[in-house]
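Q:
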Amino acid sequence: MKNIHYINHTHWDREWLRSSDTYRIRAVYVFDMLLDILDRNEDYKYFTFDGQTAALEDYLTIRPEKRDKIRKYVSEKRIFIGPWYTQPDLALVSGESLLRNLIIGSNIAKDLGHCMTSGWIPDAFGQIQTTPQIFKELGMKSLFVWRGFNYEYTKDSVFLWEAPNGDSILSIHFPLGYGYYRYLPTDKEAAFKDLKGFKDKVEDRFVDDEILLMGGSDHTKPQESITETIKNLKSDFLDEGYNIKISNPEIYTEDVIESINKSKRKLEIFKGEARSAMLGRIHAGITSTRIDIKNQMKKYETMLPLTVEPMSVISTTIGGRFDQSITNYYWKTIFKNQFHDSIYSSSPNSINKTVENRLLNLRHGLNELIWMNIRSLKDKLDFSNFKENEDAAVLFNTLPYKRDDLIFINFIVKDKDFILKDDKGNIIPYVIVKDKKEINTEIEEYNGCVNYHDAGEILEGTKFNIQVKIKASIMPPMGYKVLKVCYGEKQDEEAFENTDLELLEDKLFQNKFLKVKLNENGTIDILNKENGELYKEVHWFEEGGDDGDEYNYSPPVIDKVINTKSLKPKIEMLENNLYEIKYKITYNLNTPIECIDHKRSEDEVMSVIVSYISLKEKSKTVDFKTVIKNNAKDHIIKAIFTDTESSKESLAQDHFGTIVRNNEILNQAGLENGATEEELPIYPFQKFVKLHNTNNTFAVLSKGPCEYMIYNNRKIALTVLRSVGKLGKADLVVRPGRSSGYRLDAKDSQLLKSVESEYSIFIDSGKANISNLFREANKLNVQVQSRHLNIFTREKHEMKPFETSILEIEEGFEIIAFKKSEDNKGYVIRILNPNKFNLENKKIKINFNIKNAYLSTLKEEKIKKLDFNSGLLELPSINKESFITLYLE
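In the working numbering, the protein residues as written are 14 to 902.
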């Protein structure tokens, strides 16, 4: 006898075509209806609510009186929720973001009675290779997926999916998608015909005779008539050898496992990411739609775990107050923006504006948390020996190792002459920044140094805004440092150590490692002085048409591709000091105005690309900031970096390690074979990408743009602008036929404004050291936090040190989280081994009040007590491309 499992469910886009508030109202009606059905109909056994909890929170905000009833039915396993908070896109967000989303979502579900033990990913546009690892670590028993897989990957829709670290999990693929039908016909004969037809289509995909049918789709409401319909059809299906029943993901998983155990058969194993468009669209190019939003999201999802939470932990060690619920609130804000349709920006203008509003909330909130940590020092340190003509500068390094980059400090001073000293009286040299950073005068940003009063005094000339850079090497690992700002003294040039930075002639400069020549067309030649490797014409821009929509990049039928190598831009020197040489390159780029009828127009318009190029002392990176003042529509701009070597594969940072990809799609499903769209080698990445298996390291590090292609096996093409004007469009070259979404205008996605991106080229001798690339990318993305205190009381507070380091790690691994525990009784450290080999005998130096340390689960449950003596914590073995979670008491 074969079993047919009919799963009642809904896929709930918290926002997409309409706003979260619109769908909140719908959620109220749907949950009210569901609760009424469950109250009166015992045969309506199960309803699966999309594996997430945010929409349930939306409901309970309006219906708080329904919490107990929700808890009753979740506890009885009639409503299935969790483990997600929101269903995110997987590729665009960081590994730590995915983990926090699941931790917070599963805790909410558990608090409401039960967290579903099956992972649920029906609608993400492609699957990442680390998904099995994440859900295995969370303790899930199975995983349900759709987009990205095809019938060629496995012969069976039930298989084992294995992550790069070796973790695997039972996985179930929806062979016809997550929505076989929105609603089953109530007429018995029609329902039988319908169900039998779908059963016949998928039966061969379920070798264990546990056939999965999905009843529901986007925003479907519960269909009470299902119970009667299925009951009436039982005998008809039994006559044909099938037992049909209303089911749920947990029952399906249990029955499949029981069948496999009986047959003792070995499941097929699938490895890697799933990006096939054969069965469902994955929308290549969506990784750069509204790149302005995506760049900001990268900023905040990095700032929260790697700056704000570690700063808060540091503050607690000197008596500051912090509990995890504060940052969890902002994690939820991030998750709402990382919901797949939200982070894709595949929505009308008004919905994308909602996402932008949350970015504003994140800016305000995270900057205020940073300021509160500064206040912890301000209120705890003994400033009684500071004179009236002395201010303080407070600096936080939230990376657990020494740094070799520069620190930016913004000063509002009453005297232009001042020196900086540490608590031992050592003079800290600084260089004054000529190309000053524009500081937002809203009170939440750089609070304490630029506020309304200071801004007014600058305008009146009674105070001066001076920006400086100092060496980050003065900072302790994972700690803070306070400097004295001593007015009335001039900086002595003898205070500077010998620099390796030198301007040889105009547009030719070098440091110990690199020599950079700025060419007349704006490209640069870079000489690796350690091995003589010369990289010619690095960094130029390619512009071409984009006839796609918010979902897909699609070239026009008739295109015109332009590059800046044939232009002669304006080149200006902005900085020439002991720590940094910086140039500004300005291109006037004439391009077609738009695409009309799938062709680029004859009429042209001028956009401006301003690129800032910087080389710093003792650095192996060349840093770029590019601002595109865009006036054209329907086009795409990429920054191009040419390696000296070639490779048919790329190596990109993934969530917990790296991924190797072919530069071309080798097994194209093909539109002619019925694929839903043409598969394009447009790939997402986290923070770095390079060619694979080269003899030397030439890597692009990014602070925001996260989409690349490889041209001619030598050129890394980083997308820095994608401009489209439609939510959905029909009959694209890469996606003929119906539109995705709806055919609506989305004029804001043309990005007719200034769009800023920051990235670097990292050059090293020898093959790529993965852990070193992770560290370089972290230093680029995690700045030392600095604040000038010009208003504080010079009185005796607690005798806390003016410099402290609470945590230090060795080379070879990274910390991806350092936070208060969810129970607020201890601290949690999450450690990543990004290498393709296991790590053994590694230690962490801990210098704050910790009694015991434990290896724990992702949910922060203690597993094993670890050796912790004299401030040194011995780590257990860490598997390749894996993370471990530690709980500190």
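All C-beta atoms in this analysis are idealised placements derived from N, C-alpha and C, irrespective of residue type, glycine included. Being a predicted model, the structure only gives us computed values, none of them experimental.
Just to confirm the assignment, what range does the beta strand (DSSP E) spanning LEU125 have?
A: It is not in any beta strand (DSSP E) - LEU125 carries neither H nor E in the DSSP assignment.
Q: Out of ASN120, LEU319 and PRO177, state which residue places its alpha-carbon closest to the alpha-carbon of GLU286.
A: Taking only the C-alpha atoms, the option nearest GLU286 is PRO177.
Q: Pull up the DSSP beta-bridge partners for MET722, would you.
A: In DSSP, MET722 forms a bridge with ALA730.
Q: Skipping 5 residues on each side, what residues in its chain have a beta carbon closer than 7 Å to that of TYR564?
A: Excluding positions up to five away in sequence, the list reads HIS296, ILE299, SER359, GLY741, SER753 and GLY754.
Q: How far does the alpha helix (DSSP H) with VAL326 in it reach, from first residue to last?
A: Its alpha helix (DSSP H) spans residues 322 to 329.
Q: Taking only runs that begin and end inside the region 78 to 107, name each unbroken alpha helix (DSSP H) of 4 or more residues, in chain order.
A: The qualifying runs are 80 to 88.
Q: Taking C-alpha atoms, which residue in LEU382, SER355 and ILE383 lies nearest to ASN370?
A: Nearest option by C-alpha distance: SER355.
Q: Cα-Cα, which of ALA645, LYS661 and ILE641 is closest to ALA652?
A: Looking at the Cα atoms, ILE641 is the closest of the given residues.
Q: Determine the burial state of LYS503: buried for a count of at least 16 other Cβ atoms within 10 Å of its Cβ, exposed for fewer.
A: With fewer than 16 other Cβ atoms within 10 Å, it is exposed.
Q: Could you give the residue range of the alpha helix (DSSP H) that holds TYR42?
A: Start and end: 33 to 53.
Q: Does ILE571 pass the burial test, meaning 16 or more other C-beta atoms within 10 Å, or should it be called exposed?
A: So ILE571 ends up on the exposed side.
Q: Evaluate GLY738 with the Cβ neighbour count: other Cβ atoms within 10 Å of its Cβ, from every protein chain shown; 16 or more gives buried, anything less gives exposed.
A: It is buried - the Cβ of GLY738 has at least 16 other Cβ atoms within 10 Å.
Q: Within 10 angstroms of its Cβ, does GLU853 collect 16 or more other Cβ (buried), or is it exposed?
A: Label assigned to GLU853: exposed.
Q: How is GLN337 classed by DSSP in three states: helix, strand or coil?
A: Residue state, collapsed to three classes: helix.
Q: For ASN851, does the three-state DSSP call read helix, strand or coil?
A: The answer is coil: DSSP assigns ASN851 none of H, G, I, E or B.
Q: Using DSSP with H/G/I as helix, E/B as strand and the rest coil, what is THR898?
A: DSSP places THR898 in strand when its eight states are reduced to three.
Q: For ASN882, which residues from the same chain have a beta carbon less than 8 Å from its beta carbon, with the 5 sequence-adjacent residues on both sides left out?
A: Cβ neighbours of ASN882 beyond the five flanking positions: none.
Q: Give the C-beta separation of PRO235 and PHE60 to the nearest angstrom, bearing in mind that I take them to be a contact with Cβ-Cβ under 8 Å.
A: The pair is a contact, with the Cβ atoms about 6 Å apart (cut-off 8 Å).
Q: With a threshold of 16 other CB atoms inside 10 Å of the CB of LYS214, please say whether the residue is buried or exposed.
A: Per the 10 Å Cβ criterion, exposed.
Q: Is there contact between the region 702 to 722 and the region 571 to 581, where contact requires at least three CB pairs shorter than 8 Å?
A: The region 702 to 722 is not in contact with the region 571 to 581.
Q: Would you mind sorting MET812 into buried or exposed? The rule is 16 or more other CB atoms within 10 Å of its CB.
A: Under this definition MET812 is an exposed residue.
Q: Does DSSP put ALA781 in a helix, a strand or coil?
A: Of the three classes helix, strand and coil, the one that applies to ALA781 here is coil, per DSSP.
Q: Output needed for TYR465: all residues of its chain with C-beta closer than 6 Å, excluding positions within five of it in sequence on either side, in chain order.
A: Unreliable positioning characterises TYR465 in this predicted model, as indicated by a pLDDT of 49, which lies under 50. A coordinate reading is not provided.
Q: Give, in chain order, every unbroken run of the beta strand (DSSP E) that is at least 3 residues long and sits entirely within the region 770 to 834.
A: 798 to 802, 816 to 818, 820 to 822 and 827 to 833, all fully within the region 770 to 834.
Q: Beta-carbon separation of LYS912 and ILE425 under 8 Å?
A: As displayed, the chain neither begins before 14 nor continues past 902, which places residue 912 out of reach and without an answer.
Q: Taking ILE20 as the reference, which of LYS877, GLU470, LYS258 and ALA866 has the closest Cα?
A: The candidate whose alpha carbon is nearest that of ILE20 is LYS258.
Q: Between THR367, LEU591 and ALA665, which has its C-alpha nearest MET722's C-alpha?
A: With distances taken between Cα atoms, MET722 lies closest to ALA665.
Q: Could you tell me if ALA759 is buried or exposed, where buried requires 16 or more neighbouring beta carbons within 10 angstroms of its beta carbon?
A: Result: buried.
Q: To the nearest angstrom, report how far apart ILE650 and ILE819 are at their CA atoms.
A: Each residue's Cα considered, the two are about 44 Å apart.
Q: For the beta strand (DSSP E) that MET586 lies in, which residues bound it at each end?
A: Element bounds for MET586: 583 to 589.
Q: With DSSP collapsed to three states, give me the class of LYS345.
A: Helix at LYS345.
Q: I'd like to know if the region 817 to 836 and the region 483 to 498 are in contact, where contact means that at least 3 CB-CB pairs between them fall below 8 Å.
A: Yes, since at least three Cβ pairs between the region 817 to 836 and the region 483 to 498 fall closer than 8 Å, the two stretches touch.
Q: Could you give the C-beta distance for CYS499 and ILE420, rounded to a whole number, given that I count them as a contact under 8 Å?
A: Between ILE420 and CYS499 the Cβ distance is about 18 Å, and since that is not below 8 Å, they are no contact.
Q: Which same chain residues end up closer than 6 Å to ARG843 when comparing Cβ atoms and leaving out the 5 residues on each side of it in sequence?
A: Cβ within range, chain order: ILE829, ALA830, PHE896 and THR898.
Q: Quick check: what's the CA-CA separation for ARG788 versus GLU827?
A: For ARG788 and GLU827, the distance between alpha carbons rounds to 7 Å.
Q: Bridge partners of ASN602, per DSSP?
A: For clarity, residue 602 is Leu in the given sequence; the question names Asn instead. Answer is SER620.
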